[in-house]
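Residue numbers (my numbering): 1225 to 1456.
The beta-carbon is built from N, C-alpha and C at its ideal position, and this holds for glycine as well.
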Amino acid sequence: MATLSALNNEPAGAPRAERVDIKFEVVVIPVTDVDRSKAFYTNLGWRLDADFPFDNGFRVVQFTPPGSGCSVQFGTKMTTAAPGSAQGLYLIVSDVEVARKELVARGVEVSEVFHASRPGAQFRPDSDGRVSGPDPNHRSYFSFATFSDPDGNTWLFQEITTRLPGRGLSNLDIATMTELLREAEEHHGAYEPTAPKHHWSGWYAAYIVARQEGKTTDEAIEAGKLHIEGSL
C-alpha cells in the first residue's frame, strides 16, 4: 500500500514541513494594443480591477471575469510572448449556451456550442473531432464554445454542472471560509425569526456562493432569501 507521503507526492521518510496555500491568481496575456484590448474585455462585462501606467512605459491592466477567483492581466513591457499566443484559456460556466448567448448579445463573435468526439478536439478549431451541439448526455466537462480577443488569444467556455471530487469550494482557505460562515451566521440570525420554516444549510450555501461570486453583503442576503423562499 502506498504511504501517506507517497500519496502527497512526498518521498517516504521526508521531514514534514509547514504547508502554505498557493493560489493561482493571475494569467498574463500578450496583446498588441492595450487600449483596444481594454475596450474588448470591458465589453465582455468583466470587472476592471486596475489600469496602472508608470513613467518608464510599463503599464498593467487587470480584469476579472464574473465570479472568478483568477484574473487576467495585459499591458506594455509585461511579456515577450507574441500577441495572440495565449490559447485555450478555460472559462468554466454552469450553462454554456446561456454564456454564449450573453456574449453574442454583446457583439462578440463566439463559436457554436460543440462537444468533442475525441480527446483534445476542443483545442483544435480545424479538427473534425468537434461535433455541433452540446454533449448528448449533458455530461459535465464535455460541452464547449470558443471566442478570441482582437489579438487572437483564445478562450474556451467549458460547461461544468457537477465537479469531480475534490473541486469546487476546496480552494477556500480556512480563514476565508471562517469569515464567510461568521457573516452567514450573523445575517441568517437576523432573517430567521421572520422567515418561513427552513434548514439553515440552504441559506448559508446561497449566501456563501454569492459572496464568492463577488456580490455585496446585501446582495448575498437577498440570494439567501430567494433560495429559501423559492424552494418552498
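Span separating the alpha-carbon of Arg1243 from that of Arg1363: 35 Å
The segment 1297-1306 / the segment 1314-1323 touching (three or more Cβ pairs under 8 Å): no
Residues bridged to Tyr1314 (per DSSP): Tyr1314 is bridged to Leu1380.
Cβ contact check for the segment 1335-1346 and the segment 1266-1286: 3 or more pairs under 8 Å: no
Minimum C-alpha distance to Ile1452 - residue among Gln1346, Glu1437, Tyr1415, Ile1246: Tyr1415
For Gly1299, the first and last residue of its enclosing alpha helix (DSSP H): For Gly1299, there is no enclosing alpha helix (DSSP H); the enclosing beta strand (DSSP E) covers residues 1295-1300.
For Thr1370, three-class secondary structure by DSSP: strand
Val1337 vs Ser1295 beta-carbon contact at 8 Å: With contacts defined as CB atoms closer than 8 Å, Val1337 and Ser1295 fail to qualify as a contacting pair.
Continuous alpha helix (DSSP H) stretch holding Ala1430: start and end: 1424-1436
Where Arg1406 falls, given that 16 or more other Cβ within 10 Å makes a residue buried: exposed
Bridge partners - Val1255, DSSP secondary structure assignment: Val1255 is not bridged to any residue.
Proximity below 8 Å, CB of Tyr1265 to CB of Phe1248: no
Any C-beta of chain D under 8 Å from that of Thr1370: Among the chains in the structure shown there is no chain D, since it carries only a single protein chain.
Proximity winner among Lys1421, Lys1449, Pro1374, relative to Ile1253 (alpha-carbon distances): Pro1374
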